[in-house]
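2 protein chains.
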Amino acid sequence: MDSGTGGVAFRVLDLLRDLIVTVQLRPGQRLSELEIASALGISKTPVREALIRLDEMDLVRIVPQSGTYVTLISVQRYTTACFIRLHLEVGAARMAAASAAPPHSLEKLRQIHDQLIDAETRDDHSAFVSRDEDFHREIFLLAGHLDAWVTGRRAQFDLNRARNIRREHRIPRGPEVIRQHAEIIAALEAHDPDRAEAAIHAHIGDLERQVGRLFTDNRLNGLIELPKPN
Amino acid sequence: MDSGTGGVAFRVLDLLRDLIVTVQLRPGQRLSELEIASALGISKTPVREALIRLDEMDLVRIVPQSGTYVTLISVQRYTTACFIRLHLEVGAARMAAASAAPPHSLEKLRQIHDQLIDAETRDDHSAFVSRDEDFHREIFLLAGHLDAWVTGRRAQFDLNRARNIRREHRIPRGPEVIRQHAEIIAALEAHDPDRAEAAIHAHIGDLERQVGRLFTDNRLNGLIELPKPN
DNA sequence: GCCCCAGATCTGGCATATCAATTTAGTTAA
DNA sequence: TTAACTAAATTGATATGCCAGATCTGGGGC
């Protein structure tokens with residue numbers, strides 16, 4: 001997942017990003033430049049640069065002269081992330097459905113779908129999540145707007161963190177997801193934009209509803225950004 | 001537009017961002033940490049931190065041990081930015097149209113619209129662009145997804161840079177924009193999501209088409225990222 | 001017991017110095 | 001003339017030190 005190469009700062013960035021998304025660094029937790037630096041046997045500088053990048057992607061918040069904190073999970077941000085994903089994927093799916101669509105172009109999508117089914121059979125949660133991401137990424141690729149996928153994905157960190165707090169070992173909603181993906185593929189094959197839109201709508205809407213309940217989980221107490229105290 | 005407060009690094013960030021968006025620093029231009037630092041009478045550190053943030057928002061590209069360059073204007077990125085704006089604004093407008101919509105909530109939107117008309121009358125290009133941004137921002141606000149606006153806006157730097165290279169002193173498409181905005185307001189007032197979607201579609205589609213021609217401007221030679229040389 | 005304030009401590013912000021990779025200029029050989 | 005090689009200069013990358021502001025702590029006053 002990480003670039004592998006690059007300077008020390010980038011390796012620190014990858015490390016911290018992973019630790020945050022997998023909630024090994026918990027939301028609200030205080031980080032110390034010096035502490036991280038000495039733990040890794042390097043100086044503060046590359047650590048600081050990594051933290052600046054993380055700050056820029058809203059994964060941490062640097063408070064001057066006070067400390068750097070892992071951002072809390074924000075229900076508002078999650079809701080917005082769903083909104084963004086929904087509308088971008090609808091647009092991408094419509095575009096993909098309307099395109100000339102060489103018959104083989106959907107082959108990759110079907111292949112990913114098969115791998116998803118396989119992951120569900122093997123009950124491999126990690127692979128399932130990965131293949132699921134690949135599936136949606138492929139839709140943007142088909143629409144010729146891969147960059148937009150990056151945008152939608154960036155808005156989705158909170159969802160992944162909430163998921164990882166649950167540490168679900170069984171795959172949730174596996175069969176439904178597979179069924180919904182199959183419907184999306186069918187709509188693309190039929191070159192039916194309206195059907196594709198409906199399929200995406202159902203899929204993302206379901207996701208938002210299901211995961212919305214996740215935020216009421218007791219385990220998230222203190223890890224969630226409260227609505228404005230005004 | 002800038003925060004006003006904050007440390008030196010943030011003031012450098014605001015300065016450089018403005019210089020880049022207004023193309024006083026031209027696409028492809030090489031920047032030097034040391035040069036900027038001494039010009040501002042500060043050390044390289046805050047300059048570097050600002051550049052890291054700019055790198056994270058794709059306004060510059062830091063090449064290790066080589067140099068930092070203002071990114072070229074990318075037609076691909078611009079097209080994707082239009083795609084993102086189109087679909088997010090359609091979603092937001094539909095949501096705003098469908099909402100309960102207290103009668104006074106649209107008042108702000110009408111007010112901005114009036115200011116836009118005023119700017120067009122006075123032929124104040126800068127104010128026109130500003131009010132235009134406010135207008136679209138307000139739509140996201142009405143939909144309750146202001147964060148999504150930030151996402152859409154971030155993807156739009158290239159458009160603004162291309163605009164500023166033209167340095168148009170007359171307001172382009174002023175009357176059409178005003179007419180299209182009026183139609184959007186009318187659709188929202190009528191609580192008609194389909195009509196709102198159509199209005200946004202027309203507006204953004206028009207924008208993409210008009211500005212698309214802008215990229216063929218001779219003045220942009222060398223400032224645009226060429227399609228993959230493969 | 002509670003509140004307030006001063007000093008110690010910790011944090012990030014910035015400056016400075018050194019390093020290594022890269023680019024570039026100069027030079028030499030074909 | 002040109003191509004290739006070498007060395008100096010430039011750049012970003014990292015380490016380190018110091019500073020100012022924020023936080024924490026503990027003692028004194030109410």
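One line per chain: the protein sequences are A and B, in this order.
When you line the first sequence up against the numbering used here, it's residues 1 to 230, in that order.
When you line the second sequence up against the numbering used here, it's residues 1 to 230, in that order.
Backbone N, C-alpha and C fix where the C-beta goes; we use that ideal spot for every residue, glycine too.
Spatial neighbours of residue i within its chain, please: C-beta separation below 7 Å, excluding the five flanking residues on both sides.
| i | result |
| --- | --- |
| A:S43 | A37 |
| A:V211 | L159 and A162 |
| A:H145 | A92 |
| B:K237 | Any property of residue 237 of chain B remains undetermined from this structure, which presents chain B solely from 1 to 230. |
| A:A119 | A127, F128 and R131 |
| B:A96 | I139, L142, A143 and L188 |
| B:A196 | A93, R94, A97, I184, A187 and L188 |
| B:M1 | With a pLDDT of only 47 at B:M1, under 50, the local geometry of the prediction cannot be trusted, and the value read off the model is given with reservation. Cβ neighbours of B:M1 beyond the five flanking positions: none. |
Label residue i either buried or exposed according to how many other C-beta atoms from any shown protein chain fall within 10 Å of its C-beta, with 16 as the threshold for buried.
| i | result |
| --- | --- |
| B:P46 | buried |
| B:A190 | exposed |
| A:P64 | exposed |
| B:A148 | buried |
| A:S74 | buried |
| A:E35 | exposed |
| A:R53 | buried |
| A:R234 | Since the first residue shown for chain A is 1 and the last is 230, residue 234 of chain A is missing from the structure and cannot be characterised. |
| B:P175 | exposed |
| A:L27 | The residue you asked about is not Leu; residue 27 of chain A is Pro in the sequence shown. Label assigned to A:P27: buried. |
| A:D114 | exposed |
| A:R77 | buried |
| B:T80 | buried |
| B:A39 | exposed |
| A:T68 | buried |
| B:S3 | Residue placement at B:S3 cannot be trusted, given a pLDDT of 46 that sits under 50; the coordinates are not used to answer. |
| B:D217 | exposed |
Going along chain A in order, which residues have a C-beta closer than 7 Å to the C-beta of residue i?
| i | result |
| --- | --- |
| B:T80 | H145, D147 and A148 |
| B:G41 | Those do not exist, as B:G41 stays about 21 Å from chain A at its closest Cβ, beyond 7 Å. |
Taking the continuous beta strand (DSSP E) assigned at residue i, which residues delimit it?
| i | result |
| --- | --- |
| B:I62 | V60 to V63 |
| B:V70 | G67 to V70 |
Taking the continuous alpha helix (DSSP H) assigned at residue i, which residues delimit it?
| i | result |
| --- | --- |
| A:G212 | P193 to L214 |
| B:T45 | K44 to E56 |
| A:Q244 | Shown here, chain A extends from 1 to 230; a query on residue 244 of chain A therefore has no answer. |
| B:N164 | F157 to R166 |
| A:V23 | Looking at the DSSP string, A:V23 is not in any alpha helix (DSSP H), and its letter there is neither H nor E. |
| A:S32 | That residue, A:S32, is in no alpha helix (DSSP H); it is neither H nor E in DSSP. |
| B:L146 | L146 to R154 |
Which same chain residues, not among the five before or five after residue i, have their C-beta less than 6 Å away from its C-beta?
| i | result |
| --- | --- |
| B:T22 | N164 |
| A:P229 | At A:P229 the pLDDT is 46, less than 50, meaning the model places this residue with poor confidence and gives no usable figure here. |
| B:L86 | I204 |
| B:E225 | L72 and S74 |
| B:L13 | A50 and R53 |
| B:L88 | A148 and G152 |
| B:I200 | E89, V90 and A93 |
| B:P193 | R94, A97 and A98 |
| B:E33 | K44, V47 and R48 |
| A:R61 | Y69 and T71 |
Which chain B residues are close to residue i, counting only those with a beta carbon under 7 Å from its beta carbon?
| i | result |
| --- | --- |
| A:I52 | E49, I52 and R53 |
| A:I84 | L88, A148 and T151 |
| A:G67 | The contacting residues do not exist; A:G67 stays about 15 Å from chain B at best. |
| A:E138 | Near A:E138 there are no residues of chain B at all, since even the closest Cβ is about 16 Å away, more than 7 Å. |
| A:G212 | The premise fails here: A:G212 is roughly 15 Å from chain B at the closest Cβ pair, so nothing lies under 7 Å. |
| A:E197 | What A:E197 touches in chain B: nothing, since even the nearest Cβ is about 11 Å away. |
Which residues of chain A have a Cβ atom closer than 9 Å to the Cβ of residue i, listed in chain order?
| i | result |
| --- | --- |
| B:R77 | D147 |
| B:A155 | D147, A148 and T151 |
| B:P64 | G6 and G7 |
Quick one: residues in its chain with C-beta nearer than 8 Å to the C-beta of residue i, no 5 flanking neighbours on either side, listed in chain order?
| i | result |
| --- | --- |
| B:R213 | none |
| B:I117 | I178 |
| B:L25 | L16, L19, L31 and V70 |
| A:S105 | L142 |
| B:A100 | none |
| B:Q29 | Y69 and V70 |
| B:A182 | H113 |
Using the beta-carbon of each residue, which ones in chain B are nearer than 8 Å to residue i?
| i | result |
| --- | --- |
| A:G315 | Outside the shown range of chain A (1 to 230) lies residue 315 of chain A, about which nothing can therefore be said. |
| A:E208 | The premise fails here: A:E208 is roughly 13 Å from chain B at the closest Cβ pair, so nothing lies under 8 Å. |
| A:G28 | By Cβ distance, chain B contributes nothing, its closest Cβ being about 20 Å from A:G28, past 8 Å. |
Could you list which residues in chain A have their beta carbon closer than 8 Å to that of residue i, in chain order?
| i | result |
| --- | --- |
| B:G205 | Here the premise fails: no neighbours, minimum Cβ distance about 13 Å. |
| B:F225 | It is worth fixing the name first, because residue 225 of chain B is Glu in this sequence and not Phe. By Cβ distance, chain A contributes nothing, its closest Cβ being about 12 Å from B:E225, past 8 Å. |
| B:E35 | Within chain A, no residue comes near B:E35; the closest Cβ sits about 20 Å away, beyond 8 Å. |
Note down, one range per segment and in chain order, each beta strand (DSSP E) of at least 3 residues found wholly within the segment 60-143 of chain B. 60-63 and 67-70
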